[in-house]
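See structure below.
There are 2 protein chains.
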Amino acid sequence: MKRFKKMEPVDKGSLVDKVEVRLLAFFKENNLKVGDAIPKELEFAASLGVSRTVVREALLRLRTLGLVESKKHRGMILKQPDIITNFERIMDPTLLGEDVLKQLFELRLILEMGMVDFLFEHKNQKDLDDLEEIVAAEEALSYTANRFSLDREVAFHGKLYQISGNKTLMGFQNLLLPVFEYKYLQEEKKGKGDYKYSKGQFVTHRMLMDNLKVGTPETFRNAMRRHLEPHFDHVFNPPKG
Amino acid sequence: MKRFKKMEPVDKGSLVDKVEVRLLAFFKENNLKVGDAIPKELEFAASLGVSRTVVREALLRLRTLGLVESKKHRGMILKQPDIITNFERIMDPTLLGEDVLKQLFELRLILEMGMVDFLFEHKNQKDLDDLEEIVAAEEALSYTANRFSLDREVAFHGKLYQISGNKTLMGFQNLLLPVFEYKYLQEEKKGKGDYKYSKGQFVTHRMLMDNLKVGTPETFRNAMRRHLEPHFDHVFNPPKG
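Here you go:
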């Protein structure tokens, strides 16, 4: 039997997809920077040999992604894309699947365990004073010590993210918060929201704070790991049903 | 003088913005799930009292973000948004500012330090065999032991991300890789790419692997921290100029 050469599949990518890629390449090749004006729709349409509608749709996409914006009297300019804003619209927990929710929940634990070196590098007296205030306030409310409460978690851990000095990281924390809250409420509805400690010593926010004051990244990481134990336990030994 | 009541600022949000928000609310209120068909452009336009063009533009945005997709004969359906794909287009290092690049570089260190518990929870014999192969291959190439090489970093650390079992995390790693490479090449161009060890013991990939085999999350985290020391040093004590 005659052996045929392998056929290349037909390119099914849409025109808009192709124009989008070409526009991005154009920005790079011309070394355009944030704030620079870009050519008009009509010019792109002429250069690329496509309709103005196609160019318009590709530019709309880039605008949706925050890569370009329209300025009065200047047409469109390049914009510093805001990574976090891009996430916000799609991070609605009710629109995400169970598996992605679980991964995002895990991601939050990963970030808190991972950012410790940055806390020790950037902490200052003002930060420690703020933390002291947060811890004192929650102690005054005298919650049951070993019961999980979302509000005090947010106040304390949000401050830690802030100390890390990384704005992108802080943005992630804000995005992950609704996921965290949603998962917690979900479990609580099923009567499984009462986080229990399966092992190890209970590490309070005060103990973490003291560790941040006088400890090292190593001691703080171990303390944080024990503090997060109920959540790790929840992830590694999920409640049945 | 007569004190006037404070005036509310005029709502300047665009019609498309408003329609986008209303569409998302509609999906939630009707408890629509991934795969469900949504009403047609014309119906939305009639219900919301806006033009079909406005609805179309809002739907295009949602399509760009991966929240809806067009299906033949079914119109538009809800889609599980792919968090990572959304990032991909805007994560071109040449389009990001210096500050964001630095934050993303730091984020990679945070993820590697933070994911350790998941490595120990999910590792199996196959994973350790794969790692052994990767380490043996790089040793056979006999790179200078304490010189940073992007390729072997990617092979080894990419495998670790895979062992973590978290697909969103793996997606981030893939997104951060170009940033990492870009920053490295940038430094090298300036003659500052020769990562040096400022302190501590040099921890090789083999040592990390052995630690993963017989150690604990605590010992592995300390080893990983020392392994990443050149990068932390680079972030905390950036070369001048």
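Read top to bottom, the protein sequences are chains A and B.
Numbers given in the numbering used here equal positions in the first sequence, counted from 1, plus 3.
Numbers given in the numbering used here equal positions in the second sequence, counted from 1, plus 3.
Glycine included, C-beta positions come from ideal geometry on N, C-alpha and C.
Since the structure is predicted, the reported quantities are computational estimates derived from the model, not experimental observations.
Excluding five sequence neighbours on each side, which residues of the same chain lie with their C-beta closer than 7 Å to the C-beta of residue i?
i	result
B:V37	L81, K82, Q83
B:V22	L51, V53, V57, V58, A61
B:E184	L153
A:I166	L122, H125, K126, D130
A:D85	G69
B:R2	This structure cannot speak to residue 2 of chain B, because chain B is shown only from 4 to 244.
When you compare each of the options to residue i by their alpha carbons, which one comes out closest?
i	options	result
A:L153	A:L114, A:H234, A:K8, A:L65	A:H234
B:E135	B:L122, B:H125, B:D39, B:F159	B:F159
A:V19	B:K162, B:T67, B:D132, B:N225	B:T67
B:A140	B:H208, B:L122, B:V71	B:H208
B:S73	B:V217, B:D39, B:Q189, B:K162	B:D39
B:V103	B:F223, B:L179, B:P242	B:L179
A:T219	A:Q176, A:E190, A:V119	A:V119
B:N177	B:Y164, B:L35, B:K186, B:E44	B:Y164
A:L114	A:L144, A:D132, A:G161	A:G161
B:Q189	B:N240, B:L215, B:E101, B:T222	B:E101
B:L99	A:R77, A:H76, A:F30, A:K75	A:F30
Examine chain A for any beta-carbon lying closer than 8 Å to the beta-carbon of residue i, and answer yes or no.
i	result
B:F121	yes
B:I253	The question about residue 253 of chain B has no answer here: the residues shown for chain B are numbered 4 through 244.
B:K170	yes
B:L153	no
B:N225	yes
B:V53	no
B:R25	no
B:L215	no
B:L63	yes
B:G161	no
B:V103	yes
B:L188	no
B:V22	no
B:T207	no
B:Q128	no
B:L68	yes
On the premise that residue j lies in contact with residue i, defined as a C-beta separation below 8 Å, what is that separation, rounded to the nearest angstrom?
i	j	result
A:L110	B:L172	6 Å
A:Q128	B:N169	Actually they are not in contact, since the Cβ atoms of A:Q128 and B:N169 sit about 37 Å apart, beyond 8 Å.
B:M116	B:R228	6 Å
A:V182	A:F108	6 Å
B:L26	B:L65	7 Å
B:R3	A:R224	Beyond the ends of chain B as shown, which are 4 and 244, falls residue 3 of chain B; an answer cannot be given.
Ordered along the chain, which non-local residues of its own chain (more than five positions away) have a Cβ less than 6 Å from that of residue i?
i	result
A:V138	H208, R209, M212
A:L35	L81
A:F175	none
B:I41	M79
Using DSSP bridges, identify the partner residues of residue i.
i	result
B:K74	B:G78
A:A40	A:I80
Taking 8 Å as the threshold (beta carbon to beta carbon), is residue i in contact with chain B?
i	result
A:F239	yes
A:G218	no
A:F235	yes
A:S201	Note that A:S201 scores 46 on pLDDT, short of 50, meaning its location in the model is unreliable; the coordinates nonetheless yield the value given after this. Taking Cβ atoms only, chain B never reaches closer than 8 Å to A:S201, which makes this a no.
A:E156	no
A:Q106	yes
A:T222	no
A:V57	no
A:E60	yes
A:L134	no
A:E124	yes
A:Q83	yes
A:G78	no
A:V71	no
A:L18	no
A:G38	no
A:L259	The displayed coordinates of chain A run from 4 to 244. Any statement about residue 259 of chain A would go beyond what the structure contains.
Residues of chain E with CB under 9 Å from residue i, in chain order?
i	result
A:G117	Absent here is chain E; the protein component of the structure consists of chains A and B.
Ordered along the chain, which non-local residues of its own chain (more than five positions away) have a Cβ less than 8 Å from that of residue i?
i	result
B:L144	R155
A:E142	R209
B:N214	T222, F223, A226
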